[in-house]
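These notes are about the structure you will find just below.
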Amino acid sequence: MSIGEMLAATVPMVRTLNLEYLETTPERAVLALPDQGDFHNHIGGPHAGAMFTLAESASGAIVLAAFGDQLSRAVPLAVSAEIAYKKVALGPVTATATLGRPIADVVAELDAGKRPEFPVAVAITREDGAVTGEMTVVWTLRPNKNN
1196 MSIGEMLAAT
1206 VPMVRTLNLE
1216 YLETTPERAV
1226 LALPDQGDFH
1236 NHIGGPHAGA
1246 MFTLAESASG
1256 AIVLAAFGDQ
1266 LSRAVPLAVS
1276 AEIAYKKVAL
1286 GPVTATATLG
1296 RPIADVVAEL
1306 DAGKRPEFPV
1316 AVAITREDGA
1326 VTGEMTVVWT
1336 LRPNKNN
């Protein structure tokens, strides 16, 4: 089962918004939000909350791709998120997430008994490639209590 299939099966909001997982690797996660009238705002584009969820979901997908092998000893948690809406979004939008720190550095902190934090940058784009929003989500790997 792919990360996208797993998240669609376990996260109700992913199914509600019909998010599409286009690419999920430790280097990059790309998700799409189809153009759906039920999730439009007052100007006919995707609602800000739907775009936030799209971007946060992309950040979570890359975290699972990058650190899925650490789940037996730590749980990934979002610590904070900041979003900036840059341009009007109309039609379908895509979110592309990238890690802000090398995987090995994060795992080394976990190995040292620390609770590492790391940013994930997400760009939200329209079909024409224009960046409509930018989000940064800070994640942590919280060590399990039995470790």
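Residue numbers (our numbering): 1196 to 1342.
For glycine and all other residues, C-beta sits at the position ideal for the given N, C-alpha and C.
Which of helix, strand or coil DSSP assigns to residue i
i, result
"R1223", "coil"
"P1241", "strand"
"L1217", "strand"
"A1352", "With the chain running from 1196 to 1342 in the structure shown, residue 1352 is simply not present."
Bridge partner(s) assigned by DSSP for residue i
i, result
"R1337", "V1270"
"M1350", "Absent from the model: residue 1350. The displayed extent of the chain is 1196 to 1342, so no value can be given."
"L1228", "V1288"
Unbroken alpha helix (DSSP H) run spanning residue i, endpoints
i, result
"M1201", "I1198 to T1205"
Taking the runs of the alpha helix (DSSP H) that are 4 residues or longer, which of them lie wholly in the stretch 1271-1316? Segments of the alpha helix (DSSP H) lying fully in the stretch 1271-1316: 1298-1306.
Pairs of beta-carbons, one from the stretch 1233-1253 and one from the stretch 1205-1222, closer than 8 Å: are there three or more? Look at the beta carbons and you see the stretch 1233-1253 touching the stretch 1205-1222: at least three pairs across the two are nearer than 8 Å.
Taking contact to mean at least 3 C-beta pairs separated by less than 8 Å, is the stretch 1277-1297 in contact with the stretch 1316-1325? A contact exists between the stretch 1277-1297 and the stretch 1316-1325.
Would you call the stretch 1229-1246 and the stretch 1267-1277 touching, i.e. three or more CB-CB distances under 8 Å? Fewer than three pairs of CB atoms, one per stretch, sit closer than 8 Å, so the stretch 1229-1246 makes no contact with the stretch 1267-1277.
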